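Protein chains in written order, with the numbering used here: chain A, 55 to 411; chain P, 55 to 411; chain V, 55 to 411; chain Y, 55 to 411.
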C-alpha cells in the first residue's frame with residue numbers, strides 16, 4: 055500500500071533510504087506566492103542534524119537541501135515542491151557482519167515479515183533519516199503559516215526520570231539550547247541523565263512538548279478528523295514515539311469535571327474560554343487558545359551493550375553494534391524539530407481544509 | 055470538509071444527531087460472505103447502552119439497529135451495509151432554556167465558530183450518541199476478523215485517582231462487569247471513586263486499556279500509516295479522549311534501552327520477540343505479539359454544579375443542567391465498547407490493506 | 055474495497071439495493087446554512103422517476119425522500135445529510151425463475167466473479183436505482199451552487215441513429231419535455247426512434263449532453279484531478295455509460311490547431327477566450343466559459359427478445375424477461391437528471407477544493 | 055490542493071517543470087521483490103522521447119532516468135521508488151519575448167487565474183514533459199503486472215480525417231513504427247495527414263486506442279470506482295485529451311440492445327461472454343475479456359501560424375512561436391506510450407485493491 059504520504063490538501067510524500075543515494079520529499083498543495091528558498095530549509099535541517107547537539111549521533115551529515123521544482127524567482131508557484139537531500143559519508147560496509155541479525159527494537163524483523171526482503175544498510179527506509187524530509191516540509195508549512203502569524207514550538211520536557219513538564223519555557227534560551235531544553239535548570243539535569251545512560255553504554259527515553267499559538271477559533275473537523283486525532287496520527291508516525299496527549303492528557307483521567315471544565319468569558323476581542331485545560335480544542339475544533347500536548351519517545355534501540363537475539367534463520371546470536379558505529383544515547387532530542395514539523399504540517403492542512411467558499 | 059468517514063478499504067461513515075430522527079452508519083468495503091444479522095449488532099450495542107451500567111446515563115434508549123442493505127440471506131454481499139438506529143424518548147424541550155449558553159467543556163462554542171450555526175439539542179452531532187454507529191460497525195469488523203481468530207478486548211483500567219493498569223484481567227469477570235472492570239477489586243474501587251464524584255454532583259475521568267490478540271506478524275504500514283498512528287487517530291477521534299499510548303507508552307520515556315528492547319527467540323512456531331515491551335509493533339508493522347495500549351478520557355463535561363460562562367451574545371451567565379436531565383458521572387465506562395470497536399475497525403482495514411496479490 | 059463514495063470535500067456515499075428495504079445517500083461536507091428541504095429533493099427525484107416519461111419503466115415507484123440528519127430548521131448545519139428513499143411496490147418473486155441465469159449485458163456475472171455471491175433481485179446493488187441517491191445529492195449540490203449562480207443543465211441529444219448534437223436548446227421546452235429533448239423537432243424524432251425499438255421488443259442507446267454555466271475562471275486542478283478528468287470519472291460511473299467527451303471531444307481529433315485554438319480578447323468584464331472550442335477548460339482549470347460535453351449510453355440490456363446464455367453452472371439457457379416485467383426501451387432518458395447531478399457534485403467539490411485561505 | 059498524485063494503493067506522485075532542474079516521479083505502493091532497473095525505464099522513455107519519431111518535437115532531450123530509492127540489488131523493496139530525469143538542453147531565453155502573452159490553447163491563462171503567478175518557461179508545470187514521469191511509473195507497473203501476464207498495448211488509430219479504428223493491429227509492425235501505427239497502410243496515410251498539416255504550419259489531432267489483455271474476471275469496483283471510470287479519469291488527465299470511450303463507446307448510442315448485448319457461453323476454461331461489445335467490463339468489473347477503448351487528442355496548440363490574443367494586461371497582441379522553437383505537428387503520437395502507461399497504472403492499482411484476505 056502507498057503509505058509514504060501525509061496530509062490531504064497540504065500533502066507530503068517522502069522517499070529514500072539511510073544508505074541509498076539520498077532522501078527527499080515532495081510538498082504538494084502548498085499555496086502559490088509563498089516566499090521560499092533553500093536557506094530557509096537549511097536552517098531547519100541544521101536543527102535536527104546529528105552533530106548539532108552534544109548528545110546526538112556524531113556521524114557527520116551535510117544535510118544540504120536542494121529545491122528542484124515548485125519555486126520560481128523565490129516564490130512558490132502552486133506546483134509540487136520537490137526537495138532532495140543527498141546522502142554523504144555513507145559507509146555501509148560495517149553493516150555487513152550484522153546483516154542477517156534481527157536487531158532488538160528495530161524494524162528489520164517486521165519489514166522481513168511484511169516484504170520478505172529488506173535493505174539492511176543503516177535501517178534502510180525505517181531509518182530516522184526519513185524525518186529530515188518531514189523537517190524540510192515543515193519549513194515550507196511554517197512559511198505558509200507565517201502569513202497568519204501562527205507558530206509552533208517544541209521542546210524537550212523530560213529525559214528518563216527527570217521530568218520538567220509544566221516548567222517555565224524560556225524562549226530565548228530554548229533557541230540556543232543544543233538539547234532544546236526549556237530553561238537552564240532543565241538542560242543541566244537532562245545532561246546529567248543522558249551522561250549517566252551514555253556512561254553505562256545504554257540509552258534513555260524522553261518526552262517532547264509542543265505548543266501551537268495564534269490559532270484562530272473554528273479550525274478543525276468534528277467526528278473523525280478532529281485536530282487532536284490528526285496530531286496524534288502525526289506524532290505516532292514519528293519513529294520511536296510511544297504516546298501522545300493534549301491538554302491535560304492522561305492527567306485528565308484523574309480529574310473531576312469541576313476542575314477540568316473551562317468556562318467562557320467575554321473580554322476585549324470577544325468570547326473566549328476562561329482557562330485552557332482543554333488544550334485549545336473542543337469537539338475536535340480549535341477554541342482559539344493555544345493547542346499544546348506531549349509526545350513520548352522510547353530510548354534509542356541501538357545501545358553498546360550486547361543483546362541476545364537470533365539471525366534470520368533462527369540461530370541464536372548476540373547482537374553488538376559494529377565497532378566504530380556511534381548512536382545517539384537519546385532519540386527524543388532529535389525528535390524535537392520533527393514534532394514541531396509535524397504540528398506545522400497538521401495545521402497547514404487543517405487551514406486549507408477549513409477555507410470557506 | 056467531509057470528515058464523517060473512517061478507514062480506507064474498510065470504511066465507515068456515520069450520520070445523525072442526538073435529538074434528530076435517528077443515527078446511522080454505512081460500512082463500506084466489508085468483504086462478502088460474512089455472516090451478519092441484527093442480533094449480532096444488538097448484542098454489542100447493548101454493551102454501550104446507557105442503563106446497562108449503574109453509572110451511565112439512565113435515559114432509556116432502545117438502541118435497536120436495523121440493517122437496511124448489504125446483507126442477503128444472513129450474509130454480507132460486498133455491498134455497503136447501512137445500519138440505522140432510530141432515536142426514541144427524545145425530549146428536546148428541556149434544552150430550550152439553555153440554548154443560547156456556551157456550555158463549559160462542550161463543543162457548541164467551536165461548532166458556532168466553525169459553522170455559524172448549531173443544533174443545540176442534546177449536543178447535536180457532537181453528542182456521544184454518534185459512537186453507537188461506531189459500535190455497530192465494530193461488530194461487523196469483529197465478524198470479519200473472527201475468520202482469522204483475531205480479537206480485541208477493552209476494559210476500564212483507571213477511574214480518577216484509582217489506577218489498575220497492569221492488574222490481572224479476569225476475562226470471565228470482565229464479561230459481566232457493568233463497569234468493564236478487569237477484576238472484582240478494581241470494580242469495587244472504581245465504584246467508590248465514581249460514587250464519590252457523583253455524591254459531589256461532580257464527574258470523574260478514567261482510562262481504558264485495549265489489547266488485540268492473535269494478530270499475525272507483518273500487518274501494518276511503515277512511515278505514516280503505522281499501526282499505532284492509525285490506532286492513535288482512531289482513539290483520539292472518540293469524544294472526550296485526551297491521550298493515547300501503546301506498549302510501555304509514556305513509561306518508555308523513563309526507561310533505558312537495555313530495559314525496553316525486546317530480543318528475538320526461535321521457539322516452536324518460529325522466530326518471535328522474547329518479550330513485548332514494544333506493544334506488538336516495530337516500525338509501524340505488527341510483530342505477531344499482542345498489541346496493547348491505553349486511552350485517557352476526561353471527566354464528563356456535564357455536571358450538576360453551576361458553572362460560570364456567557365451566552366452567545368457574550369452576557370455573563372451561570373450554566374446549570376436542566377432539572378431532570380441526568381448524565382453519566384463518568385464517560386470512560388461507556389467508552390470501553392467504543393475503544394474496542396475502533397480497534398477492530400483499524401485492524402480490519404489494515405488486514406485488507408495488507409493483502410498480497 | 056470501499057467504493058460507494060464519490061468526491062473529496064463534498065462527498066456522497068450511497069447504499070441500498072433495488073429490492074431491499076430502501077436506498078439512501080449521505081452527503082458529507084456540504085457547507086452550513088444552505089436552505090434545504092424534502093420538497094427540493096422530491097422535485098429532482100420526480101424528474102428521474104420511472105413513469106415521469108412515456109418511455110421509461112412504468113413500474114410505479116414512489117420515490118419519497120426523507121432527510122434524517124444534517125438539516126435543522128430548514129438549513130444545513132455542516133453535519134452529514136442522510137437521505138433515505140424507501141423501496142415500495144417491490145415484488146421479487148418474478149426473479150425466482152431466472153435467478154441462476156447470467157443475464158446478457160448485466161453485472162450478475164461479474165459480481166459473482168468478484169464476490170462469489172449476488173443478490174439477484176432486480177439487479178441488486180447494480181440496479182440503476184442507486185442513481186436516485188445521486189440525484190438527491192445533486193439537489194443538495196445545486197442548492198449550494200445557487201449561491202454562486204452556477205448552474206448545470208443536461209438534455210438528450212441523440213437517440214439511436216438520430217443525433218441532434220449542436221441543435222438549439224430551447225430551455226423552456228426542455229423543462230417540460232418528458233424525454234428531456236432540447237426542442238420539439240428533436241423530441242419528435244426521438245419518439246419515433248424509441249417507438250421503433252420498442253415495437254421490435256428491442257432497446258436503443260442514446261447520448262446525453264451537459265453544460266455548466268457561470269463557472270468562474272481558475273477553478274479545478276492541474277495534472278491529475280483536472281476538471282474534465284473528474285467529470286469523466288463521474289460520468290463513466292453512471293450505469294450503462296460508454297463514453298465521455300468535452301469541448302469538441304472526439305471531433306477535435308480531426309481538427310487542425312488553427313481551427314481548434316481559442317484566442318483571448320479583452321472586453322468589458324476583463325480578459326476571456328474569444329471562442330470556446332476548449333469547452334471551458336484549459337490545463338484542467340476553468341476558463342470562465344461554459345463547460346460542456348457529452349456522455350454516451352448503451353441500449354438497455356433488458357429486452358423482450360429471448361437471448362442465448364448459460365446459467366451459473368454453465369448449462370445453456372435462453373434468457374427471457376419474466377412475464378409482466380417491463381423495462382425502459384432506453385436508459386439515456388432517465389440518465390439525463392443523473393448526468394446533471396454528477397456535474398453538480400463535481401463542481402461543488404471543485405469549489406470547496408479551490409477556496410483560498 | 056494536492057493534485058499531483060494518481061492511484062490509491064499503487065500511487066504515483068510527479069513533480070517538476072519543463073524548464074526547471076528536472077522532473078521526477080515517486081512510485082509508492084509497488085509490491086516488493088519485483089525486478090526493476092534503469093534500463094527498463096529507459097526503454098519505455100525512449101518510446102515517448104521527442105526525436106524518436108519523425109513527427110515529434112526535434113528538441114533533443116536525453117531522458118536518462120535515475121532510480122534514487124526503493125530498489126535494492128535489482129529488486130523493489132516495498133519502499134517508495136523515486137525516479138528523477140534531469141532537464142538538459144534547456145534554453146528559456148527564447149520565451150522572454152512572449153512571457154506576458156496569453157498563449158491560445160495553453161494553460162497559462164488558467165494558471166494565472168488560479169495561482170496569480172506562473173512559470174512561463176516552456177509551459178512550466180503544464181508542459182507535456184510531466185508525462186515522462188507517468189511513462190517511467192508505467193514501466194514499474196508493467197513489471198509488476200508481468201507476474202500475471204497482463205499486458206497493455208496502445209496505438210495510434212486516427213490522425214485528422216484519417217481513421218483506422220477497427221483495423222487489424224500488426225503487433226510486430228507496431229513495435230517498429232515511429233508513429234505507433236497499427237499497420238503499414240495506416241502509417242502511410244497518417245504520414246500524409248501529418249505532412250499536410252505541417253506543410254501548412256499547422257497541427258492536427260488524433261485518436262489513440264488501447265487494449266488490456268489477460269485480465270482476470272472479477273477485478274474492479276462497482277458503483278463509483280468502476281474500471282472504466284478510473285480509466286476515463288486517467289486518460290482525461292493526459293494533456294490535450296478531449297474524450298474517452300470503451301467497448302463500443304459512442305457507437306453504442308446508436309445500437310440496439312439485441313446488437314450490443316453479449317451472451318454467455320461455457321467453453322473450455324469455463325463460462326465467459328460469447329462476444330465482447332461491452333469492452334471487457336460489466337457493472338464496472340472485468341469480465342475476463344480484453345478491455346479496450348479510445349482516447350481523443352486535440353491538435354497541438356503550438357502552431358507556426360500567428361494567432362490573435364492579448365497580453366496579461368489585456369493589450370491586443372499577435373502570438374507567434376519564437377524563431378527556432380519547433381513543436382510536434384501532432385501530440386497524439388507522443389501520447390501513445392502515455393495512454394499505455396496510464397492503463398498499466400489503473401490496472402496495477404485495481405489489482406492491489408482486489409486482493410482477497
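Where is the CB? At the ideal position from N, CA and C, for every residue including glycine.
Predicted model only: the values in this text are computed from it and were never measured.
Beta-carbon proximity of residue i to residue j, cut-off 7 Å
i: residue 263 (chain A); j: residue 354 (chain A); result: no
i: residue 165 (chain Y); j: residue 283 (chain V); result: no
i: residue 149 (chain A); j: residue 175 (chain A); result: yes
i: residue 319 (chain Y); j: residue 328 (chain Y); result: yes
i: residue 365 (chain V); j: residue 61 (chain V); result: no
i: residue 103 (chain A); j: residue 123 (chain A); result: no
i: residue 413 (chain Y); j: residue 88 (chain Y); result: Nothing about residue 413 (chain Y) can be reported from this structure: the residues present for chain Y run from 55 to 411 only.
Inter-residue Cα distance where the pair is residue i and residue j
i: residue 204 (chain Y); j: residue 235 (chain A); result: 57 Å
i: residue 331 (chain V); j: residue 314 (chain V); result: 6 Å
i: residue 65 (chain V); j: residue 85 (chain V); result: 11 Å
i: residue 307 (chain Y); j: residue 261 (chain V); result: 6 Å
i: residue 169 (chain V); j: residue 278 (chain Y); result: 17 Å
Buried/exposed call for residue i, threshold 16 Cβ in 10 Å
i: residue 246 (chain P); result: exposed
i: residue 416 (chain V); result: This structure cannot speak to residue 416 (chain V), because chain V is shown only from 55 to 411.
i: residue 167 (chain V); result: buried
i: residue 207 (chain V); result: buried
i: residue 294 (chain Y); result: buried
i: residue 376 (chain P); result: exposed
i: residue 220 (chain Y); result: exposed
i: residue 382 (chain A); result: buried
i: residue 378 (chain Y); result: exposed
i: residue 128 (chain V); result: exposed
i: residue 131 (chain V); result: buried
Beta-carbon contacts of residue i that lie in its chain and below 6 Å, excluding the five residues immediately before and after
i: residue 243 (chain Y); result: 216
i: residue 58 (chain P); result: 67 and 68
i: residue 408 (chain P); result: 273
i: residue 153 (chain A); result: 174
i: residue 410 (chain A); result: none
i: residue 83 (chain A); result: 63, 64 and 65
Contact set for residue i: own chain, Cβ-Cβ below 8 Å, skip 5 residues either direction
i: residue 335 (chain V); result: 274, 280, 281, 282, 300, 301, 341 and 345
Residue i Cβ short of 6 Å to the ligand SAH heavy atom set
i: residue 81 (chain V); result: Ligands are entirely absent from the displayed structure, and the ligand SAH is therefore not among its contents.
Sequence-distant residues of the same chain with beta carbon closer than 7 Å to residue i, five excluded per side
i: residue 303 (chain A); result: 347 and 348
Just by C-beta distance, which residues in the segment 349-362 of chain A are closer than 7 Å to chain Y?
For chain Y, none of the residues of the segment 349-362 of chain A brings a beta carbon within less than 7 Å of one of its beta carbons.
Identify each residue in the segment 58-72 of chain V for which the Cβ-Cβ distance to at least one residue of chain C is less than 8 Å, and report them in chain order.
Reference to chain C is not applicable here, since the protein chains of this structure are A, P, V and Y.
Quick one, which residues of the segment 389-410 of chain A are near chain V if we go by CB-CB under 7 Å, in chain order?
Residues 405, 406, 409 and 410.
Short-range partners of chain V found in the segment 224-236 of chain P, where Cβ spacing is below 8 Å:
Per Cβ criterion, the list is empty.
Check each residue of the segment 257-291 of chain P: if its Cβ is closer than 7 Å to any Cβ of chain Y, include it; give the result in chain order.
Of all residues in the segment 257-291 of chain P, none has a Cβ within less than 7 Å of some Cβ in chain Y.
What residues from the segment 166-188 of chain A come within 8 Å of chain Y, judged by C-beta to C-beta, listed N to C?
Those would be 168, 169, 170, 171, 172, 173, 178 and 179, in chain order.
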